[in-house]
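Trainee:
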Amino acid sequence: MLALALLVQGIVRDADGAPIAGAEVLPAGGTLAAAVTASDGSFAFDAGVERELRLVVRATGFATGEGVWSADAHGALVIVLARARWSEDVTVTASRTETRLGDTPARVVVFDEDALQATAAPTVDDALRLVPGFSLFRRSDSRVSNPTAQGASLRGVGASGASRTLVLLDGVPLNDAFGGWVYWSRVPRVAVERVEVVEGGASDLYGSAALGGVVQALGRDDAPALALEATGGSLGTAGASLYAAERRGPWSARVAGEAFETDGYVLVPADERGPVDTPAGGGHWSGTLHLERGVGVSSKAFLRAGAFGESRDNGTPLQVNDTDWQELRAGGDVATNGAGAVSVRAWFATQTYHQTFSAVAADRASETLTRRQRVPSETGGLGLKWTRGLGARHALLLGMDGSLVLGRSDETAFSPAGRPAASTSSGGRETAWALFASDRASLGSRWLVTLGARLDRWNGGEDGSTALSPRASVLFRAAPRLRLNAAGYGAFRAPTLNERHRSFRVGNTVTLANPDLEAERLWGGELGVSWSPPDERMRLRGIAYASRIEDPIANVSVSTTPQLITRERRNLGRNRSRGIELDGEASLGSRLRGSIGYALIDASVESFPANPSIEGNQVPQVARHQLTFEARYADERACELSVQGRLSSRQFEDDRNELPLDGYFTLDVQALRRAGRFALFAAVENVTGSRYDVGLTPTPTIGPPRAFRVGARFR
210 MLALALLVQG IVRDADGAPI AGAEVLPAGG TLAAAVTASD GSFAFDAGVE RELRLVVRAT
270 GFATGEGVWS ADAHGALVIV LARARWSEDV TVTASRTETR LGDTPARVVV FDEDALQATA
330 APTVDDALRL VPGFSLFRRS DSRVSNPTAQ GASLRGVGAS GASRTLVLLD GVPLNDAFGG
390 WVYWSRVPRV AVERVEVVEG GASDLYGSAA LGGVVQALGR DDAPALALEA TGGSLGTAGA
450 SLYAAERRGP WSARVAGEAF ETDGYVLVPA DERGPVDTPA GGGHWSGTLH LERGVGVSSK
510 AFLRAGAFGE SRDNGTPLQV NDTDWQELRA GGDVATNGAG AVSVRAWFAT QTYHQTFSAV
570 AADRASETLT RRQRVPSETG GLGLKWTRGL GARHALLLGM DGSLVLGRSD ETAFSPAGRP
630 AASTSSGGRE TAWALFASDR ASLGSRWLVT LGARLDRWNG GEDGSTALSP RASVLFRAAP
690 RLRLNAAGYG AFRAPTLNER HRSFRVGNTV TLANPDLEAE RLWGGELGVS WSPPDERMRL
750 RGIAYASRIE DPIANVSVST TPQLITRERR NLGRNRSRGI ELDGEASLGS RLRGSIGYAL
810 IDASVESFPA NPSIEGNQVP QVARHQLTFE ARYADERACE LSVQGRLSSR QFEDDRNELP
870 LDGYFTLDVQ ALRRAGRFAL FAAVENVTGS RYDVGLTPTP TIGPPRAFRV GARFR
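Counting in our numbering, the sequence shown runs from 210 upward without gaps.
1. Given a threshold of 16 other Cβ atoms within 10 Å of its Cβ, counted over all protein chains shown, does Gln-860 qualify as buried or as exposed?
2. Taking only the alpha-carbon atoms, compute the straight-line gap between Ala-631 and Thr-621 and give it to the nearest angstrom.
3. Whole-angstrom Cβ separation of Arg-352 and Gly-360, contact assumed at under 8 Å?
4. According to DSSP, simplified to helix, strand and coil, what is Gln-827?
5. Which residues bound the beta strand (DSSP E) around His-603?
6. Leaving out five residues before and five after Leu-195 in sequence, what residues of the same chain have Cβ atoms less than 6 Å from its Cβ?
7. Give me, in chain order, the residues of the same chain whose beta-carbon lies closer than 8 Å to that of Ala-212; leave out the 5 immediate sequence neighbours on both sides.
8. Are the Cβ atoms of Arg-686 and Ser-739 separated by less than 8 Å?
9. In the DSSP assignment, find the beta strand (DSSP E) that holds Asn-780 and state where it starts and stops.
10. Closer than 6 Å by C-beta to Ala-604: which residues in its own chain qualify, once you throw out the five before and the five after it? Chain order, please.
11. Are the Cβ atoms of Gly-367 and Asn-826 separated by less than 8 Å?
12. Look at the alpha carbon of Thr-497 and the alpha carbon of Ala-468, and state the distance between them as a whole number of angstroms.
13. My guess is that Gln-218 and Ala-253 are in contact by the Cβ rule of under 8 Å, so how many angstroms apart are they, rounded?
14. So, at 7 Å on beta carbons, what are the nonlocal neighbours of Cys-848 in its own chain, with the 5 sequence-adjacent residues on each side left out?
15. Within a Cβ cutoff of 6 Å, which residues of the same chain sit near Arg-638, ignoring the five residues on either side of it in sequence?
16. Please state whether DSSP places Gly-912 in a helix, a strand or coil.
17. Can you have a look at His-283 and say buried or exposed, based on whether 16 or more other CB atoms are within 10 angstroms of its CB?
18. Is Ser-857 helix, strand or coil when you go by DSSP?
19. CB-CB under 8 Å to Trp-494, same chain, minus the five flanking residues each way: which ones, in chain order?
20. For Thr-328, is the beta carbon positioned less than 7 Å from some heavy atom of the ligand ATP?
21. Quick one: grab the DSSP three-state call for Ala-514.
22. Where in the stretch 375-444 do unbroken runs of the beta strand (DSSP E), each at least 3 residues long, occur, reported from the N-terminal end onward?
23. Could you name the residues of the same chain whose beta carbon sits closer than 7 Å to that of Leu-527, not counting the 5 residues immediately before and after it, in chain order?
24. Give me, in chain order, the residues of the same chain whose beta-carbon lies closer than 7 Å to that of Gly-904; leave out the 5 immediate sequence neighbours on both sides.
25. Thinking Ala-643 and Asp-610 are a contact (beta carbons under 8 Å), I'd like their distance in whole angstroms, please.
26. With DSSP run on the structure shown, which of helix, strand or coil describes Glu-710?
27. So, at 6 Å on beta carbons, what are the nonlocal neighbours of Ser-635 in its own chain, with the 5 sequence-adjacent residues on each side left out?
28. With a threshold of 7 Å on Cβ separation, who are the neighbours of Gly-503 within its own chain once the five nearest residues in sequence on each side are excluded?
29. Determine, using beta carbons only, whether Arg-730 and Ile-758 come nearer to each other than 8 Å.
30. Cα separation between Gly-854 and Thr-328?
31. Assign Glu-322 to one of three DSSP states: helix, strand, or coil.
32. Which same chain residues, not among the five before or five after Met-210, have their C-beta less than 7 Å away from its C-beta?
33. Could you give the C-beta distance for Glu-402 and Gly-428, rounded to a whole number, given that I count them as a contact under 8 Å?
34. Thinking just about the alpha-carbon of each residue, which of Arg-776, Leu-801 and Arg-924 is nearest to the one in Leu-889?
35. Just how far apart, CA to CA, sit Leu-801 and Arg-841?
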């Protein structure tokens, strides 16, 4: 006689008795597939021939729970999850090793998968603008802005096309090796487990470009799994995203991909535009294949291949760009009982970037092609990291990084009649290697001290430099839920091949390259405090910081006429940035959660002997005041509502502070309804329809209008 399969049934609830929808119920041992709770918190699956199972339950915002199901028990199994404690149950990788958030002296903001899906913003970079002090160059997100303008800034170090914030995907840079800008679209949102933002100089571990901090996207690695998302909306917007994973014995495979397109909108305000102005639209696609093999209990090796392509219209018929990019990664992790753990990563990428530039007539009725660029580049890198605990009080980290970048800009200049007039080619190679080390020491139960340093050697061809980036930080647990921290650090950013060899034009503003640029150096420090009540339903944090950047690279105005503004990349003498950042978040019951953040940033030019007239000016593209807030209401029996708001004060387009960009406020709203493994959502961006300037070149360009999207998700 055949034995009938037994049915495992249960309900997942929070401490208040409310059901938890979307929780993952995983039978321990990996022999059965995971189940997902329905809107009433219930789950059910076949136990096969098993008569007893240990169940592990995970849900965003809650601590991991466990329960034991037995075929001999009566009634449905009830598993109660406790609300996650922010300081103890969240693990981050800010120190290049997994560390509890409560043991991290640096200021870290974490966006988990649930937080990313709750925002109305469809791109990762736009969602990150909820972080106080985070800004994008020219206030535009990656849907419509030229990729060469997709630089990120933290703590007022100054946004530019070359990002002063290092952006990583699973430890490998997303910053373009040639230009330093960030291809945010390479990250399919449905394949992201969480995003971590580390604020403050982080070159002691991450090297060049980490002047303001580090943003790291961590991809999902759960298997078996399937996640799909499809969306469409106004402005001709449509997109689809996929994550799929399977496991067979020691082998696992993960596939992720995304396709997106939008017609965009006209960047020039209605009262300024002319017949030549067209919508700035475009599209992209990306795909990755990740193969992994487990070795023993805690070691693995992997191989990953990825490709990405995009094309854009930049607001007039003759201004277009496109990118083709391919990458291969390989690596492994080996953990031992006595000798510590070793991780190795290697990667190689190649890309080709095309861009055209034009001169637009004063009446904006016509344009003339001025330049066409083709920018091929290749990059490769190797990273090695060793970690080991020394006794019960020390955690030691040693590592090395190396990279090579080859690239050039092949340009064709055109005459006023639109005919090719001259061809030039400029470029070179950059090599870099580094050694780094840190020790995290526990001094009793209250003190945690971290000392670290990194030595970087950068060579840009005939010249080069060496940078030492030290860091010392202290975390003091003054009370069970009161933490004080302090840190001092040095950081640096080497100029990119793009800044040294590629000129460009935006509107009627030309920016010239400069092969003689030197590396930027930052020295800074910070003091912070964080507190939460005993039930940890609230957390408040505050930090004060100050930094000084020596030889910052800026776009310096060299001549201005009614027809053309000419700027050149140059090293200034010294910039200063100081400010405070305040944020808090709270859970009000089991359904309502909110957060608010504020940043005061005083960033100015402290010294520029070559042109003292700009000393004291505000650093371009840095707003003095930023306020963000978010509220989320989740009722599993109805729907989930979320609201995000951003307010930013005035900032300047230029070094002379003659082109102001007024402050703005935007409000986004999203509604989501879950039904088991499915979810339907509707999102409205810029609900108030606020129109604000994002650039002055000197023709103004404006931010996105009110837009809506609807979509569906399956997990």
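C-beta: ideal position from N, C-alpha, C; glycine also.
Mentor: The structure says:
1. Reading the sequence shown from its first residue, position 651 is the one you call residue 860. Looking at its Cβ environment, which holds 16 or more other Cβ atoms inside 10 Å, Gln-860 is buried.
2. As a first step, residue 631 is located in the sequence shown; it is residue number 422 there, counting from the start. As a first step, residue 621 is located in the sequence shown; it is residue number 412 there, counting from the start. For Ala-631 and Thr-621, the distance between alpha carbons rounds to 6 Å.
3. One-based indexing of the sequence shown puts residue 352 at position 143. One-based indexing of the sequence shown puts residue 360 at position 151. Taking 8 Å as the upper bound for CB-CB distance, Arg-352 and Gly-360 are not in contact here, some 16 Å apart.
4. Mapped onto the sequence shown, residue 827 falls at position 618. In the displayed model, Gln-827 falls within a strand according to three-state DSSP.
5. Translated into positions along the sequence shown, residue 603 becomes position 394. It spans 603-623 - the beta strand (DSSP E) in which His-603 sits, taken as one unbroken run.
6. The chain is shown only over 210 to 924; residue 195 falls outside these bounds and no answer can be derived.
7. Translated into positions along the sequence shown, residue 212 becomes position 3. Model confidence at Ala-212 stands at a pLDDT of 48, short of 50, so the residue's coordinates are unreliable; what they give is reported in the following sentence. Hits under 8 Å: Val-258.
8. For the purposes of this step, residue 686 is identified with residue 477 of the sequence shown, where counting begins at 1. For the purposes of this step, residue 739 is identified with residue 530 of the sequence shown, where counting begins at 1. No, these two residues do not count as a Cβ contact at 8 Å.
9. Position 571 of the sequence shown, counted from the first residue, corresponds to residue 780. Start and end: 774-780.
10. Your numbering for residue 604 matches position 395 in the sequence shown. Scanning its chain for C-beta atoms nearer than 6 Å, with the 5 sequence neighbours on each side dropped, one finds around Ala-604 the residues Gly-598 and Arg-649, in chain order.
11. Counting from one through the sequence shown, the residue named residue 367 turns up at place 158. Counting from one through the sequence shown, the residue named residue 826 turns up at place 617. No, the Cβ-Cβ distance between Gly-367 and Asn-826 is not below 8 Å.
12. Within the sequence shown, residue 497 is the residue found at index 288, counting from 1. Within the sequence shown, residue 468 is the residue found at index 259, counting from 1. In this structure, the CA atom of Thr-497 is about 12 Å from the CA atom of Ala-468.
13. Working through the sequence shown from its first residue, we reach residue 218 at position 9. Working through the sequence shown from its first residue, we reach residue 253 at position 44. Rounded, the Cβ-Cβ distance is 5 Å, consistent with contact.
14. Walking along the sequence shown from the start, residue 848 turns up at place 639. Close CB contacts of Cys-848 within its chain, under the 7 Å cut and outside five residues either way in sequence, are with Ala-880, Leu-881 and Arg-882 (chain order).
15. Reading the sequence shown from its first residue, position 429 is the one you call residue 638. Result list for Arg-638: Leu-615, in chain order.
16. Position 703 of the sequence shown, counting from 1, holds the residue named residue 912. Collapsing the DSSP output to three states places Gly-912 in coil.
17. Indexing the sequence shown from 1 puts residue 283 at position 74. With fewer than 16 neighbouring CB atoms inside 10 Å of its own CB, His-283 falls in the exposed class.
18. Translated into positions along the sequence shown, residue 857 becomes position 648. Correct three-state label for Ser-857: strand.
19. On the sequence shown, residue 494 is found 285 positions in, with the first residue counted as 1. Non-local C-beta neighbours of Trp-494 in its own chain, meaning closer than 8 Å and more than five positions away in sequence, comprise Gly-466, Glu-467, Ala-468, Phe-469, Phe-517, Gly-518 and Glu-519, ordered along the chain.
20. Although the ligand ATP was asked about, the structure shown includes no ligands whatsoever.
21. Numbered from 1 along the sequence shown, position 305 holds the residue referred to as residue 514. If DSSP states are grouped into helix, strand and coil, Ala-514 belongs with the strands.
22. Those beta strand (DSSP E) runs which fall completely within the stretch 375-444 and span 3+ residues are 401-408, 422-428 and 434-442.
23. On the sequence shown, residue 527 is found 318 positions in, with the first residue counted as 1. Cβ-Cβ distances below 7 Å link Leu-527 to Thr-565, Ser-567, Glu-576 and Leu-578 in the same chain, with the five nearest sequence neighbours on each side left out; the list follows chain order.
24. The residue labelled residue 904 in the question sits at position 695 within the sequence shown. Within the same chain, and ignoring the five residues on either side of Gly-904 in sequence, the residues whose Cβ sits closer than 7 Å to its Cβ are Arg-347, Glu-862 and Thr-910.
25. Indexing the sequence shown from 1 puts residue 643 at position 434. Indexing the sequence shown from 1 puts residue 610 at position 401. The beta carbons of Ala-643 and Asp-610 sit about 5 Å from each other, so the pair counts as a contact at 8 Å.
26. Locating residue 710 in the sequence shown gives position 501, where the first residue counts as 1. Before going further, note that residue 710 is His rather than Glu in the sequence given. In this structure, His-710 counts as helix in the three-state DSSP scheme.
27. Position 426 of the sequence shown, counted from the start, is the residue given in the question as residue 635. So the list reads Ser-618 and His-710, once near-sequence residues are dropped.
28. Along the sequence shown, read from residue 1 onward, the residue named residue 503 stands at position 294. Excluding positions up to five away in sequence, the list reads Pro-459 and Lys-509.
29. Residue mapping note: residue 730 aligns to position 521 of the sequence shown, counting from 1. Residue mapping note: residue 758 aligns to position 549 of the sequence shown, counting from 1. Yes, the Cβ-Cβ distance between Arg-730 and Ile-758 is below 8 Å.
30. Within the sequence shown, the letter at position 645 stands for residue 854. Within the sequence shown, the letter at position 119 stands for residue 328. Between the alpha carbons of Gly-854 and Thr-328 lies a distance of about 10 Å.
31. As a working mapping, residue 322 is identified with position 113 in the sequence shown. Here Glu-322 sits in helix by DSSP.
32. Translated into the one-based positions of the sequence shown, residue 210 becomes position 1. Only weak support exists for where Met-210 lies, its pLDDT of 39 falling under 50; the value from the coordinates is given anyway. Excluding sequence neighbours, Met-210 sits near nothing in its chain.
33. Here residue 402 is taken as the residue at index 193 of the sequence shown, counted from 1. Here residue 428 is taken as the residue at index 219 of the sequence shown, counted from 1. 6 Å between Cβ atoms; contact.
34. For the purposes of this step, residue 889 is taken as residue 680 along the sequence shown, with counting starting at 1. When the alpha-carbon of Leu-889 is set against those of Arg-776, Leu-801 and Arg-924, the nearest one is in Arg-924.
35. Residue mapping note: residue 801 aligns to position 592 of the sequence shown, counting from 1. Residue mapping note: residue 841 aligns to position 632 of the sequence shown, counting from 1. Each residue's alpha carbon lies about 6 Å from the other.
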